Amino acid sequence: MAAMSGTPLFLTPSDRLHSYVEAHLCEVRSQIGPLNTVYLFGGTGSISTAIEKRMKWYLGYE
Numbered sequence: 000m001a002a003m004s005g006t007p008l009f010l011t012p013s014d015r016l017h018s019y020v021e022a023h024l025c026e027v028r029s030q031i032g033p034l035n036t037v038y039l040f041g042g043t044g045s046i047s048t049a050i051e052k053r054m055k056w057y058l059g060y061e
């Protein structure tokens with residue numbers, strides 16, 4: 000999916016965003032504002048609700 004859309008794919012631990020992912024998202028948000036779309040793959044065993052909440056912040060939902 001990432002390759003077809005020309006967007007990055009980030010892997011992160013299930014309980015927190017990896018520091019390089021967080022840094023990239025902060026940089027993008029500071030340059031263009033809230034992100035338009037983020038896809039999270041996996042259930043809460045793969046991605047914690049804390050990561051989901053953080054991604055909502057990057058999207059400008061919170």
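Residue numbers (numbering that gives the first Met the number 0): 0 to 61.
All residues carry an ideal CB built from backbone N, CA and C; glycine is no exception.
Everything numeric in this text was worked out from a predicted model, so none of it was measured.
Limits of the unbroken alpha helix (DSSP H) element including residue i
{"i": "R15", "result": "R15 -> no alpha helix (DSSP H), and no H or E assigned at all."}
{"i": "T64", "result": "Beyond the ends of the chain as shown, which are 0 and 61, falls residue 64; an answer cannot be given."}
{"i": "M3", "result": "1 to 4"}
Cβ separation of residue i and residue j, assumed to be a contact under 8 Å, to the nearest whole Å
{"i": "Y57", "j": "L8", "result": "Actually they do not touch by this definition, with Cβ atoms about 16 Å apart."}
{"i": "L39", "j": "I31", "result": "Not a contact, Cβ separation roughly 20 Å."}
Beta-carbon contacts of residue i that lie in its chain and below 6 Å, excluding the five residues immediately before and after
{"i": "T36", "result": "none"}
{"i": "M54", "result": "V37"}
Own chain residues within Cβ distance below 8 Å of residue i, not counting five before or after
{"i": "A44", "result": "Looking at the sequence shown, residue 44 is not Ala but Gly. Same-chain partners within the cutoff: S13."}
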